[in-house]
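For the sequence shown, my numbering begins at 221 and goes up steadily by one. Just so it is clear, CB atoms sit at the ideal spot from N, CA and C, and this is done for glycine as well. Bear in mind that the values here come from a model prediction, so they are computed numbers and not experimental data. Notes for the one structure printed next.
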Amino acid sequence: MTIQEIVRKSSDAGVHLVTFLYCDNGGVIRGKSAHISSLAKRMESGIGLTVAMQAMSDMDDLQPIDGMGPRGEIRLIPDPNTFTILPYSPRRATMMADMLTLDRKPWAACPRDFLKKQIKRADDMGLKVQAAFEPEWSLARRNADGFSPIDDSLCFSGVGMIEPMMVIDDIIEALDAQGLQVEQYYPELGHGQQELTIGHADALRAADNHIVYRETVRNVARQHDLYASFAPKPFPDQAGNGCHLHISLWDATGEHNLFYDPDGRHNLSQMGYRFIGGILNHLRGLVAITAPSVNSYRRLSPNSWSSAFVCYGPDNREAAVRIPSGYWGDEMGSANLELKPSDSSANPYLALGSLISVGLDGIINDSVPSLDLEIDGDPATLPDGELQRRGIQSLPRSLDEAVLALEADEALMESLGPTLSEAYLAIRRADAKLFAGNDESFEVRHHFHKY
Ligand code: GLU
Ligand code: MG
Numbered sequence: 221m222t223i224q225e226i227v228r229k230s231s232d233a234g235v236h237l238v239t240f241l242y243c244d245n246g247g248v249i250r251g252k253s254a255h256i257s258s259l260a261k262r263m264e265s266g267i268g269l270t271v272a273m274q275a276m277s278d279m280d281d282l283q284p285i286d287g288m289g290p291r292g293e294i295r296l297i298p299d300p301n302t303f304t305i306l307p308y309s310p311r312r313a314t315m316m317a318d319m320l321t322l323d324r325k326p327w328a329a330c331p332r333d334f335l336k337k338q339i340k341r342a343d344d345m346g347l348k349v350q351a352a353f354e355p356e357w358s359l360a361r362r363n364a365d366g367f368s369p370i371d372d373s374l375c376f377s378g379v380g381m382i383e384p385m386m387v388i389d390d391i392i393e394a395l396d397a398q399g400l401q402v403e404q405y406y407p408e409l410g411h412g413q414q415e416l417t418i419g420h421a422d423a424l425r426a427a428d429n430h431i432v433y434r435e436t437v438r439n440v441a442r443q444h445d446l447y448a449s450f451a452p453k454p455f456p457d458q459a460g461n462g463c464h465l466h467i468s469l470w471d472a473t474g475e476h477n478l479f480y481d482p483d484g485r486h487n488l489s490q491m492g493y494r495f496i497g498g499i500l501n502h503l504r505g506l507v508a509i510t511a512p513s514v515n516s517y518r519r520l521s522p523n524s525w526s527s528a529f530v531c532y533g534p535d536n537r538e539a540a541v542r543i544p545s546g547y548w549g550d551e552m553g554s555a556n557l558e559l560k561p562s563d564s565s566a567n568p569y570l571a572l573g574s575l576i577s578v579g580l581d582g583i584i585n586d587s588v589p590s591l592d593l594e595i596d597g598d599p600a601t602l603p604d605g606e607l608q609r610r611g612i613q614s615l616p617r618s619l620d621e622a623v624l625a626l627e628a629d630e631a632l633m634e635s636l637g638p639t640l641s642e643a644y645l646a647i648r649r650a651d652a653k654l655f656a657g658n659d660e661s662f663e664v665r666h667h668f669h670k671y
């Protein structure tokens, strides 16, 4: 759509504010809005943003990063392809914004540009990336002590569909209206936990969709006087909220899924195995980006179906990389890899961009993983010494450990680039320090309604 078309469409619909959204290094969705009277101008010139915003740790504590202090300005420039009028607040619309420097170049700390660069790398190799975010989240009521889950229902149970029925129906209607392809819904294992999945899309759209999704779910829940939490572990005694990342690579025509091979082990192609090898080689650092909050590491523990070890397996929900079995009649189209140690406290652009980056490295370096890393059951139940014998490492058990692994991962650091990686590491270190000095309830409170 052109700028004129967006302004006309907004005016016709009675929209008075259009928010330019972005997701920061801390995984928080933020934005600034333009009034309809100046929308055309703002779409061209952008809305000003202080460079400091990419150096904000939890509770908006500005970290001392060179070039990200009080002086300095970038522009939020919206992508017209992402324009959507909010069905749950029809006088408002949103667009995803890119961060540009004053001389109109992509800012080195822009997460959306980082993802675009990784998509371009794939493109240059003749590969098209398809992806889907598979979010779980918890519906809660606020009470005097904090939050409590809306029910104590069982996994996939009919009873679990009763309490959230109205809010789920309104969420689906709002997602449909914004062009997201809703695929499945079910109440998940944890109390009040929900899962509503969205179909795969090209990589940039998939990440944009996840922002729209989080915004929609949170807003519609509030309209029902409920709170939706995307925190990885909003209730420490309940199942965690994953946001598994699904990915597949297609040929340049977009018609052939290159991860599918009917003769391959588990119907996965050699390219698929090399992609897995790339993920596993970098996984301990990668999780600092895909599972990046302190609260993420409460979720990544053995026997939680969220993965705790660097391994892969066919249909294995305890493996960090799952090779899901294909769907009858669409074996080629449905071939994909699922990254389990990933959650919605991540910035989706950084998470998906990093996943693409390490997977492509795996293809380039022919990193077919050893069969010792293929696991059929729960790695935590392997006999003593078997994990070591097979060379299966644990995932980091804390954000601190993950940040160290990321810092030591030269390929990932190079891919992020110095500006983005320095700011990213600084805010993660600050978060780790802040929460280490506080208790579990402080941690839960500060993650519960942030994402
Ligand atoms: N809730 C689990 C997680 O934290 C995932 C359960 C499943 O859908 O396999 O990742
Ligand atoms: Mg699930």
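By DSSP's assignment, residue 618 forms no beta bridge with any residue.
Look at which beta carbons fall closer than 5 Å to any heavy atom of the ligand GLU; those residues are 459, 460, 462, 525, 526, 537. Note on residue 325: under 16 other CB atoms within 10 angstroms of its CB, so exposed under the neighbour-count rule. Beyond the five residues adjoining it in sequence on each side, residue 521 comes within less than 7 Å, by CB distance, of 528 in the same chain, given in chain order. In chain order, the residues with a C-beta atom nearer than 6 Å to some heavy atom of the ligand MG are 356, 408, 415. Per the coordinates, the alpha-carbon of residue 428 lies some 11 Å from the alpha-carbon of residue 572. A check of alpha carbon separations from residue 422 across 336, 349, 360 identifies 349 as the nearest.
Around the Cβ of residue 379, a 10 Å sphere holds fewer than 16 other Cβ atoms; the residue is exposed. Residue 420 carries a coil assignment under DSSP once its states are collapsed to helix, strand and coil. Counting along the chain, residue 649 sits inside no beta strand (DSSP E); it lies in the alpha helix (DSSP H) bounded by residues 638-656.
Inter-residue distance for residue 624 and residue 508 is about 9 Å (C-alpha atoms, whole angstroms).
Taking 8 Å as the cut-off, the Cβ atoms of residue 398 and residue 304 count as close. Taken atom to atom, the span from the alpha-carbon of residue 467 to that of residue 260 is near 36 Å. In the structure shown, residue 467 falls within a strand segment according to DSSP collapsed to helix, strand and coil.
Considering only 314, 289, 287, the residue with the shortest C-alpha distance to residue 300 is 314.
In the three-state DSSP reduction, residue 569 falls in the helix class (H, G or I).
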